[in-house]
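Last residue of the sequence shown? That's 417 in this note's numbering, and every number before it is there in order. Yeah, the Cβ is synthetic: ideal placement off N, Cα and C, and Gly gets one too. Quick caveat: nothing in here was measured; it's all calculated off a predicted structure.
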Amino acid sequence: MNSYFNFKNTTKALCKEALCLCKEQFDQIEEISRLNQERTLKSFLDCKVSESHFSSTTGYGYSDRGREVLDEVYKQIFDAEAALVRHNFVSGTHALTVALFGILRPDDTMLCVTGTPYDTIKSVIGFDDKTKKDQGRIVDFGIKYEQTDLLDNGEIDIERIKKDLKRRPKLVYIQRSKGYSLRRSLLVEDIEKICKITREISPDSIIMVDNCYGEYVQTKEPLSVGADLIVGSMIKNPGAGITPTGGYIAGKKDLVQLCANRLTTPATGGEDGATLFQNREMFMGAFHAPKAVGEALKTSVFASALMQLAGFEVFPKFNEKRGDIVQLIKLGDENKLIKFCQAIQSYSPIDSFLTPEPWDMPGYNCKIIMSSGSFTMGSSIEISADAPLREPYCVFLQGGIDFNSAKIAVMKAFEAI
Ligand SMILES: *Cc1c(COP(=O)(O)O)cnc(C)c1O
1 MNSYFNFKNT
11 TKALCKEALC
21 LCKEQFDQIE
31 EISRLNQERT
41 LKSFLDCKVS
51 ESHFSSTTGY
61 GYSDRGREVL
71 DEVYKQIFDA
81 EAALVRHNFV
91 SGTHALTVAL
101 FGILRPDDTM
111 LCVTGTPYDT
121 IKSVIGFDDK
131 TKKDQGRIVD
141 FGIKYEQTDL
151 LDNGEIDIER
161 IKKDLKRRPK
171 LVYIQRSKGY
181 SLRRSLLVED
191 IEKICKITRE
201 ISPDSIIMVD
211 NCYGEYVQTK
221 EPLSVGADLI
231 VGSMIKNPGA
241 GITPTGGYIA
251 GKKDLVQLCA
261 NRLTTPATGG
271 EDGATLFQNR
281 EMFMGAFHAP
291 KAVGEALKTS
301 VFASALMQLA
311 GFEVFPKFNE
321 KRGDIVQLIK
331 LGDENKLIKF
341 CQAIQSYSPI
351 DSFLTPEPWD
361 MPGYNCKIIM
371 SSGSFTMGSS
381 IEISADAPLR
391 EPYCVFLQGG
401 IDFNSAKIAV
411 MKAFEAI
């Protein structure tokens, strides 16, 4: 143990025990990172990424070679026909919104088969309040929303999905990560199962996956098991904490084209958009992402083991198979929740001296506390903890591009409660 941080002897002992428990999981994580890094390196070589791709365009951004090659790189990594990777997406929510509006037309039906979607996406669709005046949400365009609820144990309801698919929705929507819910995050194997039954019952449905927090957690991505479109945020897994902003959409060529037409214009699609000196960091993020995700996974597995040893309920358990980088710890009361998040902030590399407070964050319908002492504001591939202030007072811990330092933040958060 280091001498820069004064941990209690009991904390040190419990950590040692937790690390012993994690050994097998850490080996598996290393192996997954290694395979994903190989795929990434191969893509860089095949696409002949060059220093010249780091230069930039302004104005319309026509013929930006860096932008084009970056799309090629992600296309190969994600096993896609096409990819649209842009700093112009302001968030993951924006990329998902562009994809929904890019694909859906009036009278179409979107069926979400993984229960209630992530808070911000719920606000984008607008199904919970149809009485509100036009706000440009999905339902305001005469697009129908349907949902297959999860089973009481939080698992996907395959039998019910089969029934709902008989109505042949235009879009089947899958959320890989749990978001701010208590369900299990989907494994790529679960997504494969949903894709198979969709192809059997409703072959023309488009299968779209909200891939946030899932990239590089396993050795395959959803496009390799039958999904048509995946969407995510560059300030989560695929940006490695290096890419400063943006999002991606990848998948079937015609669908990605429709999304590009929506992001820019039907006249230009993915052919314009100045890169404003973002290319180098976009490429660097792409290259370092498998390693960063591995470090984040180690942080989650360690936190899970430590908090379980301390008697807290944790999801998933340290030795359970993971579909995303998120670790959930049931703290049970508001005060512990706030203390935990504040301690994570206090031992993060940036803004450690600030104290996060719960606030009414846009897009969410209850107060949220969010610690993110990160190089990129709000980046949650860097060590971060956040929580909606509602029952059952669970904290969502994720990220840690460097396990050694993230571990210190976790240990301090443990001591704080
Ligand atoms: C983070 C997240 C989003 C939205 O991404 P932002 O970049 O925060 O807008 C959507 N879905 C899931 C499951 C997420 O975890």
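With the rule of 3 Cβ pairs closer than 8 angstroms, the segment 377-392 counts as touching the segment 225-244. Judged by beta-carbon spacing, MET411 lies beyond the 7 angstroms limit of PHE44, meaning their Cβ atoms are not closer than that value.
Leaving aside the five residues that flank GLY363 on each side, the residues in its chain whose CB is nearer than 8 angstroms to its CB run, in chain order, THR93, ASP119, THR120 and SER123. In this structure, TYR393 sits near GLY332, with a CB-CB distance shorter than 7 angstroms. One alpha carbon belongs to LEU263, the other to TYR74, and they sit about 18 angstroms apart. Look at ASP210: its beta carbon is less than 6 angstroms from one of the heavy atoms in ligand 1. At a Cβ-Cβ threshold of 7 angstroms, ALA416 and ALA343 count as neighbours.
Per DSSP, reduced to three states, the secondary structure at VAL98 is helical.
CA-to-CA, the gap between PRO316 and ILE29 works out to about 15 angstroms.
About 7 angstroms separates the Cβ atoms of ALA95 and SER233, confirming a contact at the 8 angstroms cut-off. GLY246 has its Cβ no nearer than 6 angstroms to any heavy atom of ligand 1. Looking only at GLU189, VAL209, GLU146 and VAL231, the smallest Cα-Cα distance to SER91 is reached by VAL231. When SER181, GLN175 and TYR180 are compared, the shortest CA-CA separation from CYS195 is found for GLN175.
A straight-line Cα-Cα distance of about 27 angstroms links VAL98 and ALA385. The shortest C-alpha to C-alpha distance from THR299 to any of ILE383, LEU354 and SER372 is the one to ILE383.
By the neighbour-count definition (other C-beta atoms within 10 Å, threshold 16), LYS48 is an exposed residue.
In the pairwise beta carbon analysis, the segment 175-185 is classified as not touching the segment 246-266: fewer than three pairs are separated by under 8 angstroms.
In the DSSP assignment, TYR248 falls within the unbroken beta strand (DSSP E) covering 247-251. In the structure shown, LYS236 falls within a coil segment according to DSSP collapsed to helix, strand and coil. Listed in chain order, the non-local C-beta contacts of ILE161 below 6 angstroms within the same chain comprise VAL113 and THR148, local neighbours out to five positions each way being set aside. By the Cβ-count criterion, LEU354 is exposed, with fewer than 16 other Cβ atoms from all chains shown falling within 10 Å of its own Cβ. Listed in chain order, the non-local C-beta contacts of LYS339 below 6 angstroms within the same chain comprise ALA416 and ILE417, local neighbours out to five positions each way being set aside.
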